[in-house]
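Asker:
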Ligand code: SF4
Ligand code: SF4
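Residue numbers (my numbering), protein chains in the order written: chain D, 44 to 202; chain Z, 193 to 561.
1) Starting from the beta carbon of residue 257 of chain Z, find every residue of chain D whose beta carbon is closer than 8 Å, and list them in chain order.
2) Checking the sheet assignment: what are the DSSP bridge partners for residue 172 of chain D?
3) In chain Z, which residues lie less than 7 Å from residue 44 of chain D when you measure between Cβ atoms?
4) So does the stretch 287-300 of chain Z actually touch the stretch 322-332 of chain Z, counting three or more Cβ pairs closer than 8 Å?
5) Cβ-heavy atom distance between residue 251 of chain Z and ligand 1 below 7 Å?
6) Quick check: the stretch 364-380 of chain Z against the stretch 129-143 of chain D, are at least 3 beta-carbon pairs closer than 8 Å?
7) Along the stretch 47-62 of chain D, what residues have a CB closer than 9 Å to any CB found in chain Z?
8) How far does the beta strand (DSSP E) with residue 203 of chain Z in it extend, from its first residue to its last?
9) Cutting at 6 Å between CB atoms, please list the residues of its own chain near residue 19 of chain D, excluding the five before and the five after it.
10) Give a yes or no on whether the C-beta atoms belonging to residue 425 of chain Z and residue 498 of chain Z are separated by under 8 Å.
11) Applying the 10 Å Cβ sphere with the 16-neighbour rule, what's the burial state of residue 176 of chain D?
12) So within the stretch 404-456 of chain Z, which uninterrupted alpha helix (DSSP H) runs reach at least 4 residues, ignoring any that extend past its ends?
13) Taking its Cβ as the centre, do 16 or more other Cβ atoms sit within 10 Å of residue 166 of chain D, making it buried, or is it exposed?
14) If you run the structure through DSSP and keep just helix, strand and coil, what is residue 375 of chain Z?
15) Once the 5 residues before and after residue 136 of chain D are set aside, which same chain residues still bring their CB inside 6 Å of it?
16) Between the Cα of residue 268 of chain Z and those of Z:434, Z:216, Z:256, spot the shortest distance and give me the residue it belongs to.
17) Is it buried or exposed, residue 513 of chain Z, if we count other Cβ atoms within 10 angstroms and call 16 or more buried?
18) When every heavy atom of ligand 2 is checked, does at least one fall within less than 7 Å of the C-beta of residue 191 of chain D?
19) Among Z:485, Z:472, Z:491, which one has its Cα closest to the Cα of residue 289 of chain Z?
20) Given that a residue counts as buried once 16 or more other Cβ atoms are within 10 Å of its Cβ, and exposed if not, what is residue 183 of chain D?
21) Are the stretch 390-406 of chain Z and the stretch 438-451 of chain Z in contact at 8 Å, needing three or more beta carbon pairs?
22) Does any residue of chain Z bring its CB to less than 8 Å from the CB of residue 93 of chain D?
23) Over the uninterrupted alpha helix (DSSP H) stretch that includes residue 163 of chain Z, give me the two end residues.
24) For a contact meaning CB atoms closer than 7 Å, what does residue 415 of chain Z contact in chain D?
25) Take the Cβ of residue 436 of chain Z as the centre, count every other Cβ of all protein chains shown within 10 Å, and call the residue buried at 16 or more, exposed below.
26) Please list, in chain order, the chain D residues whose beta carbon lies closer than 7 Å to that of residue 343 of chain Z.
27) Within 8 Å, do at least three Cβ pairs link the stretch 459-467 of chain Z to the stretch 479-488 of chain Z?
28) Does the stretch 243-250 of chain Z come close enough to the stretch 463-470 of chain Z that 3 or more CB-CB pairs lie under 8 Å?
29) If the cut is a Cβ gap below 8 Å, which residues of chain Z does residue 68 of chain D touch?
30) Anyone know if the C-beta pair for residue 216 of chain Z and residue 556 of chain Z falls short of 8 Å?
31) Given a cut-off of 8 Å, decide if residue 409 of chain Z and residue 532 of chain Z are closer than it, judged by their beta-carbon atoms.
32) Over the uninterrupted beta strand (DSSP E) stretch that includes residue 511 of chain Z, give me the two end residues.
33) Mind checking residue 394 of chain Z: buried by the 16 CB within 10 Å criterion, or exposed?
34) Here's the rule: buried if 16 or more other CB atoms are within 10 angstroms of the residue's CB, otherwise exposed. What is residue 291 of chain Z?
35) Nearest-angstrom Cα distance between residue 123 of chain D and residue 254 of chain Z?
36) Residue 311 of chain Z by DSSP, collapsed to three states: which one?
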């Protein structure tokens, strides 16, 4: 007798616990406002991306095509993955002195882990992280970028 | 075990390395007699990246980001462990504000990790919807991380001397909202899974781990605490001001799957309690002590242990005074917790294997490193 009782009790318990779970699902079915699904990529325009999000390294230029990078290679030394290669060139200043200057800021996006250590290490605050995150391309070569724009130069008088 | 004779109706099967019910690339060799498991043997190395060896080639500030990739669900806590070990070597201490931020981040990480575990446990036992409920709150935590640290999973936010950035202005507001929502939604966790007949049948009395086994196999974290072993590093060896907050070390002496399940849910409540104490009392001041560009530790050995979401993580650094560590060694919680699988599986049915692995909460990259 007891085992029959146990048997039906277990069935009852099984059904009631499943019903409880289904109740919750039903609750969300009739409260569509509580649903949080986002329709990416349709919602690209309204997508919320926090401003600190680390998408890729960029070298900001101002309206005169000037940047802040002195070519000191500190970021290159601080990158754990070797994603940065700073190529410098020797130029002669009007006073006749030889000076090192940034030639190409090569950034291998494919090697970067977005750890932010280059940004942290740069003494000039010349580089920062942008929020771009859709990085996929069809050719691996496109992932190697030169960040300084052609003809750009160092912002001379730092405020 | 290779040399063992296979009797007439015994056979060996491999679970994994690419198996939908294991949480990563772990290969389990199971010796079966019908449905009964006679013995088991895990095979490691499928996701070995050589993090310890790589660390020897990188500077002290640089290698920390690699540790986010060991136990990726406790990334903040792994970063914290390394930072603390390096701070020990430099004989400095992070500013008070940084310490509180670290504890807050660590507890948020623990919450996020336990939530993912809870959702994945449902998946393992055949219930898909808990996963989405768990991800609802986890998503909020990740958004908080994203706003303050810049990334969602591998943050590299805690650094020797403090934290990289100050808190985002919205941080306090968002965390309060999260806590409110979590508290309001915790009953859904019970409604959906805890009281569920399938979960009860598959966890109660299954996968027993005795306290002696837990100790002798080196298990830590929720796995050992569910067998009644006191091992919370936050209590035993407080770091970063854990001695100043009040919380309870949750213990259970049953040692079965359900004990581990129950314990993690209770731990979530404790984490919420810790966050509640700290969120209104974040001290003002600097969040970072600027270190030199190239950090050099004096020659010697430094060891730091912390409590990740899965147990005790130990970081052991040997320095010979150069700018790279001479040797870095991680004592990871999952490696030891994996050992618990063998005594648990012995004599069990093969159908219970998945629920045992699920409640052990194994992160395979942490085992292999
Ligand atoms: S970006 Fe900064 S650290 Fe890198 S070379 Fe330029 S100035 Fe130096
Ligand atoms: S974010 Fe990290 S990996 Fe990427 S370039 Fe900077 S230092 Fe290198």
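Beta carbons: idealized from backbone N, C-alpha and C, even for Gly. It should be emphasised that the depicted structure is a prediction, and the values quoted were computed from it without experimental measurement.
Answerer: Quick answer:
1) Taking the first residue of the second chain as position 1, residue 257 of chain Z is located at position 65. For residue 257 of chain Z, the chain D residues whose Cβ falls inside 8 Å of its Cβ are 123, 156, 158, 160, in order along the chain.
2) Within the first chain, numbered from 1, the residue matching residue 172 of chain D stands at position 129. DSSP output for residue 172 of chain D lists D:100 as bridge partner(s).
3) Here residue 44 of chain D refers to the residue found at position 1 when the first chain is read from its first residue. Result: empty, since nearest Cβ-Cβ is about 23 Å, beyond 7 Å.
4) no
5) Counted from its first residue, the second chain places residue 251 of chain Z at position 59. No; taking the cut-off as 7 Å, the Cβ of residue 251 of chain Z has no heavy atom of ligand 1 nearer than that.
6) No, they do not touch.
7) When C-beta distances to chain Z are compared with 9 Å, the residues of the stretch 47-62 of chain D below that value are 53, 56, 57, 58, 59, 60, 61, in chain order.
8) In the second chain, the residue the question calls residue 203 of chain Z occupies position 11. Counting along the chain, the beta strand (DSSP E) containing residue 203 of chain Z begins and ends at 202-207.
9) Outside the modelled stretch of chain D, which goes from 44 to 202, sits residue 19 of chain D, for which no answer is possible.
10) The residue you call residue 425 of chain Z lines up with position 233 of the second chain. The residue you call residue 498 of chain Z lines up with position 306 of the second chain. Cβ distance < 8 Å, so residue 425 of chain Z and residue 498 of chain Z count as in contact.
11) Residue mapping note: residue 176 of chain D aligns to position 133 of the first chain, counting from 1. Flag for residue 176 of chain D reads exposed.
12) 413-417, 425-428
13) In the first chain, the residue the question calls residue 166 of chain D occupies position 123. Classification of residue 166 of chain D: exposed, given that the 10 Å Cβ count is below 16.
14) The residue labelled residue 375 of chain Z in the question sits at position 183 within the second chain. Looking at residue 375 of chain Z - three-state DSSP - the assignment turns out to be helix.
15) Taking the first residue of the first chain as 1, we reach residue 136 of chain D at position 93. 142, listed in sequence order.
16) For the purposes of this step, residue 268 of chain Z is identified with residue 76 of the second chain, where counting begins at 1. The candidate whose alpha carbon is nearest that of residue 268 of chain Z is Z:256.
17) Mapped onto the second chain, residue 513 of chain Z falls at position 321. Residue 513 of chain Z is exposed by the Cβ-count criterion.
18) Counting from one through the first chain, the residue named residue 191 of chain D turns up at place 148. Incorrect: residue 191 of chain D has no Cβ contact closer than 7 Å to ligand 2.
19) Your numbering for residue 289 of chain Z matches position 97 in the second chain. For residue 289 of chain Z, the nearest C-alpha among the options comes from Z:472.
20) By one-based count along the first chain, residue 183 of chain D stands at place 140. Answer is exposed; the Cβ neighbour count stays below 16.
21) yes
22) What you label residue 93 of chain D is simply residue 50 of the first chain in a count that begins at 1. Chain Z contact via Cβ: present.
23) The structure shown does not extend to residue 163 of chain Z, since chain Z spans only 193 to 561, so no value can be given for it.
24) The count along the second chain starts at 1 and reaches residue 415 of chain Z at position 223. One finds nothing in chain D with a Cβ atom closer than 7 Å to the Cβ of residue 415 of chain Z; even the nearest lies about 26 Å away.
25) Here residue 436 of chain Z is taken as the residue at index 244 of the second chain, counted from 1. Exposed, by the Cβ-count rule.
26) Within the second chain, the letter at position 151 stands for residue 343 of chain Z. What residue 343 of chain Z touches in chain D: 97, 157.
27) In short, these stretches do not touch, since the Cβ pair count stays below three.
28) Short answer: they don't touch.
29) Residue mapping note: residue 68 of chain D aligns to position 25 of the first chain, counting from 1. In chain order: 321.
30) Walking along the second chain from the start, residue 216 of chain Z turns up at place 24. Walking along the second chain from the start, residue 556 of chain Z turns up at place 364. Going by C-beta atoms, residue 216 of chain Z is nearer than 8 Å to residue 556 of chain Z.
31) Taking the first residue of the second chain as position 1, residue 532 of chain Z is located at position 340. Taking the first residue of the second chain as position 1, residue 409 of chain Z is located at position 217. Taking 8 Å as the Cβ cut-off, residue 532 of chain Z and residue 409 of chain Z qualify as a contacting pair.
32) If you number the second chain from 1, residue 511 of chain Z lands on position 319. Unbroken beta strand (DSSP E) run through residue 511 of chain Z: 503-511.
33) Translated into the one-based positions of the second chain, residue 394 of chain Z becomes position 202. Residue 394 of chain Z is buried by the Cβ-count criterion.
34) Your numbering for residue 291 of chain Z matches position 99 in the second chain. It is buried - the Cβ of residue 291 of chain Z has at least 16 other Cβ atoms within 10 Å.
35) Taking the first residue of the first chain as 1, we reach residue 123 of chain D at position 80. Taking the first residue of the second chain as 1, we reach residue 254 of chain Z at position 62. Looking at the two C-alpha atoms, the distance is approximately 6 Å.
36) Sequence index remark: in the second chain, residue 311 of chain Z carries index 119 (1-based). Residue 311 of chain Z falls in the helix class under three-state DSSP.
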